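Comments concern the structure below.
Pasting the structure below:
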């Protein structure tokens, strides 16, 4: 949360609060309508959607384990590509912090 705030993120998704993808879309749409040229979405590892959070614990773990995405950020990027024509870019800070490319 603090990193997202410090980085100037417009939308911050954290594991403690399951996200609603429709609200993420609305936030991006609102910024686009206000002529903002970009939206920064910070996605914490472990962030989950409301749909996944509502699953029973065992099914939730299975859904997360069987995800075709290497990270929640990639899943979010795919979902956002369906909604917007803006460029979607993913930055995984851990790779940069360790000094190598992803």
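Numbering (this note's numbering), first residue to last: 531 to 632. Cβ atoms here follow ideal geometry from the backbone N, Cα and C, with glycine treated the same way. Nothing here was measured: the structure is a model prediction, and the numbers come from that model.
### Message
Distance check for residue 538 and residue 595, CA to CA, integer angstroms please.
### Response
Cα to Cα, residue 595 sits roughly 31 angstroms from residue 538.
### Task
Inspect the beta-carbon positions of residue 543 and residue 572 and report whether they are closer than 9 angstroms.
Closer than 9 angstroms, so yes.
#### Entry: Identity of the residues DSSP links to residue 571 by a beta bridge
Per DSSP, 541.
### Query
Among the residues of its own chain, which have a CB less than 6 angstroms from the CB of residue 607, if the five just before and after it don't count?
Answer for residue 607: 618, 620, listed in chain order.
### Message
Quick check on this structure: which residue in 613, 599, 623, 575 has the alpha carbon closest to the alpha carbon of residue 562?
### Response
If we check each option's Cα against that of residue 562, 613 comes out closest.
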